[in-house]
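Asks: For the sequence shown, numbering that gives the first Met the number 0 assigns the number 0 to the initial residue and increments by one for each residue that follows. Just so it is clear, CB atoms sit at the ideal spot from N, CA and C, and this is done for glycine as well. Predicted model only: the values in this text are computed from it and were never measured. Below: one structure in structure tokens.
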Amino acid sequence: MKKELLVASALVSTLGAAGIAEAASSTISGHHKVGVTGKDLDSSSTNTRASDQQSTFTVSISETTDSGIKISTGFDLAEESSGSATHDPSGLTLTFTDGSKLDLVEAGTATGSHAVSVPGAGGEQGISATTVNNAPTAITMGAASDAIGFEYHTAADAFGVEGLKASVSFASNDTALVTQTSQTASIETTYSVGVTYVTDAGDSTVTVGAGLVEATNNNSTTTEENSAMHIGLTAVTGDLTVGVGYGTGTYVQTGGDLVQVDGDFTSAGAKYVSGDITFAVGMTSAEGKDEAYGTAFSSAADARDTIGASIAYAVASGVTATLGYTDIDDKDEGAASTNTSGSSWYVGATISF
């Protein structure tokens with residue numbers, strides 16, 4: 000209870016001392032994607048094709064107080080990755096006059112804020128099917144948190160170091176104890192830190208990002224907690240960007256299969272911009288041992304390797320045409336998973352506003 004009161008009092012005292020302005024400004028943004036995808040699964044000799052239409056619509060709201068503190072929030076009326084969900088409200092962000100920020104409610108984790116963006120193939124291609132493969136899908140594995148919490152972001156050049164930014168996050172919400180392996184675990188308390196450092200190296204701009212996360216859960220049968228880290232690097236030289244990222248750790252899944260996972264994830268890629276055309280290539284390699292809650296890691300690992308490429312062409316202002324291709328190799332407990340392995344392509348356009 001003290002933790003929740005601390006977060007609430009921080010919000011109230013900050014707003015109360017700021018001298019709230021009378022009006023708020025709003026902007027809208029979003030995009031609409033229209034295309035066709037194709038799949039060639041290892042489990043079938045028949046290629047399949049389908050239309051692909053996705054939209055996002057976001058409303059952003061902000062205002063600056065008389066003392067110079069910017070208060071911002073927003074909500075999504077449509078999200079391309081959320082299926083039938085049509086409304087997703089955001090938390091609150093306070094941006095202070097020195098450039099530092101405080102996110103309150105649904106703040107996320109500091110480790111997630113400092114994951115570098117490694118280039119990879121664009122497009123909506125991919126293979127989705129029922130699977131028990133629990134290999135990690137990103138370098139930010141284990142970065143789960145409750146919505147009741149905060150994240151503090153430093154201003155630029157943190158601690159007097161040029162190019163350094165850092166953040167720390169905390170979230171906590173007590174939930175009822177569960178005592179069976181068949182009961183889904185819920186994340187209770189999460190601590191996380193992250194840093195990003197940007198510097199010049201000759202003609203290149205180099206960005207390094209890293210993060211750590213620790214989280215507890217409410218299921219007494221689990222023998223693992225969320226404990227993970229990641230590090231990544233990108234280098235931009237003129238029109239060429241290259242990058243690599245790596246994450247490793249243990250974590251408890253709170254949806255889908257009720258398992259605890261010991262895994263790692265690697266990504267690497269490059270992109271090159273030539274006028275209105277962007278070429279991109281990328282690969283990922285993931286491996287994870289998954290066991291039921293409370294079971295020691297002993298089985299063969301699940302694995303997922305991907306390699307892909309894409310070409311994007313800026314047709315007009317706000318309009319981009321994309322051609323993408325990805326090949327996926329999936330293994331469950333060391334055995335080939337043919338219904339989730341194969342190749343996929345995409346051709347389509349994105350219209351942004």
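Who does residue 290 pair with in a DSSP beta bridge?
Replies: In the sequence shown, the residue the question calls residue 290 occupies position 291. In DSSP, residue 290 forms a bridge with 259.
Asks: May I ask which residues mark the beginning and end of the alpha helix (DSSP H) holding residue 220?
Replies: Numbered from its first residue, the sequence shown carries residue 220 at position 221. Element bounds for residue 220: n/a, residue is neither H nor E.
Asks: Report the rounded CA-to-CA distance for residue 343 versus residue 157, giving the unit in angstroms.
Replies: Against the sequence shown, residue 343 aligns to sequence position 344. Against the sequence shown, residue 157 aligns to sequence position 158. When rounded, the distance between both Cα atoms is 44 Å.
Asks: With distances taken Cα to Cα, identify the nearest neighbour of residue 263 among 137, 94, 33, 59.
Replies: Reading the sequence shown from its first residue, position 264 is the one you call residue 263. It is 137 whose Cα lies nearest to the Cα of residue 263.
Asks: Tell me which same chain residues have a C-beta within less than 6 Å of the C-beta of residue 209, skipping the five on either side of it?
Replies: Position 210 of the sequence shown, counted from the start, is the residue given in the question as residue 209. Closer than 6 Å at the Cβ level, and outside the excluded window around residue 209, lie 194, 230.
Asks: Would you be able to state if there are at least three C-beta pairs under 8 Å between the segment 234–247 and the segment 144–161?
Replies: No, the segment 144–161 is not in contact with the segment 234–247.
Asks: Counting only the same chain and skipping the five closest in sequence on each side, list residues whose C-beta sits under 7 Å from that of residue 346.
Replies: Counting from one through the sequence shown, the residue named residue 346 turns up at place 347. So the list reads 34, 35, 322, once near-sequence residues are dropped.
Asks: In the DSSP assignment, what residue or residues form a beta bridge with residue 31?
Replies: Taking the sequence shown and counting its residues from 1, one reaches residue 31 at position 32. Partner(s): 54, 350.
Asks: Helix, strand or coil, according to DSSP, for residue 127 in the structure here?
Replies: One-based indexing of the sequence shown puts residue 127 at position 128. Note: residue 127 maps to coil in three-state DSSP.
Asks: Residue 71 lies in the beta strand (DSSP E); which residues open and close that run?
Replies: The residue you call residue 71 lines up with position 72 of the sequence shown. Residue 71 -> beta strand (DSSP E) spans 69–77.
Asks: Along the beta strand (DSSP E) that carries residue 233, what are the first and last residues, could you check?
Replies: Reading the sequence shown from its first residue, position 234 is the one you call residue 233. 225–236 is the extent of the beta strand (DSSP E) around residue 233.
Asks: Starting from residue 246, trace the beta strand (DSSP E) in both directions and tell me its first and last residue.
Replies: Residue numbering aside, residue 246 sits at position 247 when the sequence shown is read from its first letter. From DSSP, the beta strand (DSSP E) with residue 246 extends over 239–251.
Asks: Below 8 Å, how does it come out for the segment 112–127 and the segment 275–285: are there three or more Cβ pairs, yes or no?
Replies: Short answer: they touch.
Asks: What residue range does the beta strand (DSSP E) around residue 320 cover?
Replies: The residue labelled residue 320 in the question sits at position 321 within the sequence shown. That run of the beta strand (DSSP E) goes 318–331.
Asks: Determine, using beta carbons only, whether residue 135 and residue 260 come nearer to each other than 9 Å.
Replies: Along the sequence shown, one-based indexing puts residue 135 at 136. Along the sequence shown, one-based indexing puts residue 260 at 261. Taking 9 Å as the Cβ cut-off, residue 135 and residue 260 qualify as a contacting pair.
Asks: Looking only at its chain, what residues have a beta carbon closer than 6 Å to the beta carbon of residue 165, apart from the 5 residues adjacent to it on each side?
Replies: Along the sequence shown, one-based indexing puts residue 165 at 166. So the qualifying residues of the chain are 153, 157, 194.
Asks: Run through DSSP, which three-state label would residue 159 get?
Replies: On the sequence shown, residue 159 is found 160 positions in, with the first residue counted as 1. Here residue 159 sits in helix by DSSP.
Asks: Quick check on this structure: which residue in 202, 212, 222 has the alpha carbon closest to the alpha carbon of residue 369?
Replies: Within the shown structure, residues of the chain are numbered from 0 to 352, placing residue 369 beyond reach of any answer.
Asks: Let me make sure I understand the geometry here. Which of 251, 214, 27 has the alpha-carbon closest to that of residue 173?
Replies: Taking the sequence shown and counting its residues from 1, one reaches residue 173 at position 174. If we check each option's Cα against that of residue 173, 214 comes out closest.
Asks: Drop a sphere of 10 angstroms on the beta-carbon of residue 160, count the other beta-carbons inside from all chains shown, and report buried for 16 or more, exposed for fewer.
Replies: To locate residue 160, count along the sequence shown from 1; it is residue 161. Classification of residue 160: exposed, given that the 10 Å Cβ count is below 16.
Asks: Using only the alpha-carbon positions, how far apart do residue 278 and residue 50 sit?
Replies: Along the sequence shown, one-based indexing puts residue 278 at 279. Along the sequence shown, one-based indexing puts residue 50 at 51. For residue 278 and residue 50, the distance between alpha carbons rounds to 24 Å.
Asks: Cβ of residue 76 within 9 Å of Cβ of residue 91?
Replies: Locating residue 76 in the sequence shown gives position 77, where the first residue counts as 1. Locating residue 91 in the sequence shown gives position 92, where the first residue counts as 1. Going by C-beta atoms, residue 76 is not nearer than 9 Å to residue 91.
Asks: What residue range does the alpha helix (DSSP H) around residue 143 cover?
Replies: As a first step, residue 143 must be located in the sequence shown, where it is residue number 144. Looking at the DSSP string, residue 143 is not in any alpha helix (DSSP H), and its letter there is neither H nor E.
Asks: Taking only three categories from DSSP, how would you classify residue 268?
Replies: Position 269 of the sequence shown, counting from 1, holds the residue named residue 268. Strand, per DSSP.
Asks: From what residue to what residue does the beta strand (DSSP E) around residue 189 run?
Replies: Taking the sequence shown and counting its residues from 1, the one referred to as residue 189 is at position 190. Residue 189 -> beta strand (DSSP E) spans 186–200.
Asks: Under DSSP, the alpha helix (DSSP H) around residue 110 begins and ends at which residues?
Replies: Position 111 of the sequence shown, counted from the start, is the residue given in the question as residue 110. Where residue 110 is concerned, the enclosing alpha helix (DSSP H) stretches over 109–112.
Asks: Would residue 272 and residue 238 qualify as a contact pair, given that the criterion is a beta-carbon distance under 9 Å?
Replies: Position 273 of the sequence shown, counted from the start, is the residue given in the question as residue 272. Position 239 of the sequence shown, counted from the start, is the residue given in the question as residue 238. Taking 9 Å as the Cβ cut-off, residue 272 and residue 238 qualify as a contacting pair.
Asks: Using 8 Å for Cβ pairs, my map puts residue 302 next to residue 330. What's the rounded Cβ distance?
Replies: In the sequence shown, counting from the first residue as 1, residue 302 sits at position 303. In the sequence shown, counting from the first residue as 1, residue 330 sits at position 331. At roughly 4 Å, the Cβ-Cβ gap stays under 8 Å, so residue 302 and residue 330 are in contact.
Asks: Near residue 353, what residues of its chain come up, given a Cβ to Cβ distance below 7 Å and the 5 sequence neighbours on each side ignored?
Replies: The first residue shown for the chain is 0 and the last is 352, placing residue 353 beyond what the model contains.
Asks: Starting from residue 309 and walking both ways along the beta strand (DSSP E), at which residues does that stretch end?
Replies: Translated into the one-based positions of the sequence shown, residue 309 becomes position 310. Segment 301–315, the beta strand (DSSP E) holding residue 309.
Asks: Can you tell me whether residue 339 is helix, strand or coil according to DSSP?
Replies: Locating residue 339 in the sequence shown gives position 340, counting from the first residue. Of the three classes helix, strand and coil, the one that applies to residue 339 here is helix, per DSSP.
Asks: With distances taken from CA atoms, which of 189, 293, 37 is nearest residue 183?
Replies: On the sequence shown, position 184 is the one that residue 183 refers to. Out of 189, 293, 37, 293 has the C-alpha closest to the C-alpha of residue 183.
Asks: Have a look at 89, 23, 28, 78 and flag the residue whose alpha-carbon is nearest the alpha-carbon of residue 61.
Replies: Position 62 of the sequence shown, counting from 1, holds the residue named residue 61. If we check each option's Cα against that of residue 61, 23 comes out closest.
Asks: What residue does the beta strand (DSSP E) around residue 174 start on, and which one ends it?
Replies: Position 175 of the sequence shown, counted from the first residue, corresponds to residue 174. Here residue 174 belongs to no beta strand (DSSP E), and DSSP marks it neither H nor E.
Asks: At what residues does the beta strand (DSSP E) containing residue 149 begin and finish?
Replies: Reading the sequence shown from its first residue, position 150 is the one you call residue 149. 148–152 is the span of the beta strand (DSSP E), which, as asked, contains residue 149.
Asks: Kindly give me the distance between the Cβ atoms of residue 270 and residue 236, rounded to whole angstroms, as I take these residues to be in contact under 8 Å.
Replies: Stepping through the sequence shown from its first residue, residue 270 is reached at position 271. Stepping through the sequence shown from its first residue, residue 236 is reached at position 237. Between residue 236 and residue 270 the Cβ distance is about 12 Å, and since that is not below 8 Å, they are no contact.
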